[in-house]
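Novice: Positions in the sequence shown are counted from 1; adding 237 to them yields the numbering used here.
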Amino acid sequence: MVKIKKIEDDAASLASLKPFRLVKFFSYSGLAVFLLFTLVLSWVISNHAKKVLLERSEAYAFVVAENLSHQVFQQFVLPTVVRYGKIALRNPEQFARLDSVVRNATHGMRIQAVTIFDSRENIISYSTVSTRIGRTGEGGIEYRKALAGENNSVVLSTGSLLNLLPGARPISSQLSTFIPFRQYQANNQKGDVIMGVIEVVQDLSEDVVAITKLQGSIILTSMLIMSALFVVLGFIVARADRIIDARAEERRRLEQQLNQSQRLATLGKMVASVSHEIKNPLGIVRSTADILGKRLKSVAPGNEHLAEIIVEETGRLDGIVREFLDFARPQELKMAPTSVNDIFSKILTFMAPELERQNIVLETSLAQDIPQVSLDQGLMHRACLNILVNGVQSMPEGGKLTVETRYEKTTGMVLLVVSDTGGGMSLEKLGHIFTPFYTDKNRGTGLGLAIVKNIVDSHQGTISVDSKEGEGTTFTIALPLG
Ligand SMILES: Nc1ncnc2c1ncn2[C@@H]1O[C@H](COP(=O)(O)OP(=O)(O)O)[C@@H](O)[C@H]1O
Ligand SMILES: [Mg+2]
């Protein structure tokens, strides 16, 4: 039965945890998906930017190359043919002229190099990069395409995002554009004869680096944002975990309390019925032993103490049974305005001989101006008696018992203070003394203070204890006037 209940409880707490775990899972996976999405997005953006850059650069290169081919034809080819009869770039004068035409035409434009290939053989007739001049076979497929009349271009790129790291090789990107070098007709229209191929090289490294940096910063920013979100989410989850744990703990505690009070209620009923059953036969045993004692006096003198032992022990048993009944019986308060001083006076008169026997000095300080308190006299008498008896029991070798009553105007409470100079209690013990059946006495029931607490609680009062091991104990009951 108990096991089944525990399983049900576990299932219930698991069920309440489930939605939270789902939320946790969705939040974390949502962040991961978002991160992945930004990575893909940054890749798409930078690729698109590179594509646009290439298209624009290519279009620009075509215009530059067309213009160049026109200039070279007009300002170099025509004048040279007129002057020398044919073009021979080995002639330094001709070369210098071509070079100056090319340089003038490309001056101030973002052009890295210009190369002119011959049409008959794949040979470089002119290049702004002097080491290339005269080389053969360098024009690849783009050269042949241009020779066939088609403008085209090729990109030579090295490096990626990783090349942005310090110490890595720098990113480089070059766009080589090839166009056919045509003869122009008199009306400046392009003719059909292709004399060679013009290659224009643009250095796009700077732009590509800028785009790659942009890609890097998108990735970095999104990673930073994501990690910040992860940290925040982590904090929230940890906090929620703590709250959930605390709630589960609180629920367990409440359940335990409930179980305990249920157990105590059942126990109380049992104790009440058993004690009740014992009380009557106990009375009969006691009175019979009394009679027996008197008879023994005449029949077997000197043995009366045997009967006295029975009477004494039944008396003690009766006390225990009464304590049990007091503890278990539901209390109906019969409230009436009462003087707390009277309660103490009655008890102390009754206890005086016992105190004397035990070498206990009594000191009383009962305030006279104290107002009457609405309380159940019988019960409060019982509570004070229990505390006083405990005090006496704590001083087997004698000591001082102090009883004090006081009215505190500020709080409107009447205080009943009982102090002894007995053995005192450790902190650990103090935590248990109000628990039913807690006792360290051989013949104790452990119910005295539990009963006191019940009575004080039912009067809306409070009870506090101050104790020092080896020095003594002070109990203070505070009661509202009612
Ligand atoms: N005045 C006191 N000085 C020292 N210990 C005390 C005092 N009052 C109570 N105690 C401790 O509290 C325990 C519980 O007291 P109580 O509930 O009256 O049960 P019992 O008197 O039957 O032991 C005692 O066994 C004792 O250890
Ligand atoms: Mg006691």
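Ideal placement from N, C-alpha and C gives every residue a C-beta, glycine not left out.
1) Phe354 lies in the alpha helix (DSSP H); which residues open and close that run?
2) How far does the beta strand (DSSP E) with Arg381 in it extend, from its first residue to its last?
3) Around the C-beta of Thr648, are 16 or more other C-beta atoms found within 10 angstroms, so that it is buried, or is it exposed?
4) Quick check: the stretch 612 to 630 against the stretch 681 to 697, are at least 3 beta-carbon pairs closer than 8 Å?
5) Relative to ligand 2, is the shortest distance from any of its heavy atoms to the C-beta of Gly685 smaller than 6 Å?
6) Would the C-beta of Lys678 count as close to ligand 1, meaning under 6 Å from any of its heavy atoms?
7) Taking 6 Å as the cut-off, is the CB of Gly707 close to at least one heavy atom of ligand 1?
8) Heavy atom of ligand 2 less than 6 Å from the Cβ of Asn627, yes or no?
9) Exposed or buried, which one is Val339 when buried takes at least 16 other CB atoms within 10 Å?
10) Name the DSSP bridge partner or partners of Gln287?
11) Just how far apart, CA to CA, sit Ser631 and Ser663?
12) Below 8 Å, can you find three or more Cβ-Cβ pairs linking the stretch 675 to 687 to the stretch 555 to 570?
13) Under a three-way DSSP split, which group does Asp606 fall into?
14) Taking one C-beta from the stretch 437 to 448 and one from the stretch 308 to 318 each time, how about it: are there three or more such pairs within less than 8 Å?
15) With 16 other CB atoms within 10 Å as the buried threshold, where does Pro403 fall?
16) Using 8 Å as the threshold, is the stretch 543 to 558 in touch with the stretch 525 to 535, meaning 3 or more CB pairs across them?
17) Enumerate in chain order the residues of its own chain whose CB-to-CB distance from Gly636 is below 7 Å, with the five nearest sequence positions on each side excluded.
18) Are the Cβ atoms of Gly453 and Leu399 separated by less than 7 Å?
19) Relative to the C-alpha of Thr458, which residue among Phe671, Ile670, Phe271 and Leu716 is closest?
20) Mind checking which residues open and close the alpha helix (DSSP H) that includes Val318?
21) Determine the direct distance from the alpha carbon of Ser695 to that of Leu616, and round the result to whole angstroms.
22) What is the DSSP secondary structure of Asp579, reduced to helix, strand or coil?
23) Considering only the beta carbon of each residue, do Leu718 and Pro608 sit closer than 7 Å?
24) With distances taken Cα to Cα, identify the nearest neighbour of Ser464 among Gly267, Glu665 and Asn517.
25) Would you mind listing the beta strand (DSSP E) stretches within the stretch 681 to 706 that are 3+ residues and don't spill past its ends, in chain order?
26) Of all the options Thr395, Ile431 and Ile361, which has the alpha carbon lying nearest to the alpha carbon of Asn388?
27) State the DSSP-derived secondary structure class of Tyr675, mapped to helix, strand or coil.
28) Could you give the distance in angstroms between the alpha-carbon of Lys240 and the alpha-carbon of Gln493?
29) Could you tell me the distance, in whole angstroms, from the CA atom of Val300 to the CA atom of Leu412?
30) With a threshold of 6 Å, establish whether the CB of Asp555 neighbours any heavy atom of ligand 1.
31) Can you say whether Glu600 is buried or exposed, counting buried as having 16 or more other CB atoms within 10 angstroms of its CB?
32) Reducing DSSP to helix, strand and coil, say where Ser663 ends up.
33) Straight-line CA distance for Tyr421 to Glu303?
34) Should Gly471 be labelled buried (16 or more other beta-carbon atoms within 10 Å of its own) or exposed?
35) List the whole-angstrom C-beta distance separating Leu592 from Leu638, where the pair is believed to meet the contact cut-off of C-beta under 8 Å.
36) Taking 6 Å as the limit between beta carbons, can you name the residues of its chain near Ile244, skipping five residues before and five after?
Specialist: With the given structure in hand:
1) That residue, Phe354, is in no alpha helix (DSSP H); its beta strand (DSSP E) goes Ala350 to Asp355.
2) Note, Arg381: premise wrong, no beta strand (DSSP E); alpha helix (DSSP H) at Ile378 to Leu384.
3) exposed
4) yes
5) yes
6) yes
7) no
8) yes
9) buried
10) In the sequence under discussion, the amino acid at residue 287 is Lys, which differs from the Gln named in the question. Answer is none; Lys287 lacks a bridge partner.
11) 14 Å
12) yes
13) coil
14) no
15) exposed
16) yes
17) Ile597, Asp657, Thr658 and Gly659
18) no
19) Phe271
20) Leu315 to Tyr321
21) 10 Å
22) helix
23) yes
24) Gly267
25) 699 to 705
26) Ile431
27) coil
28) Only weak support exists for where Lys240 lies, its pLDDT of 49 falling under 50; the value from the coordinates is given anyway. Going from the Cα of Lys240 to the Cα of Gln493 covers about 15 Å.
29) 14 Å
30) no
31) exposed
32) coil
33) 11 Å
34) exposed
35) 7 Å
36) Here Ile244 scores only 48 on pLDDT, less than 50, and its place in the model is too uncertain to base an answer on.
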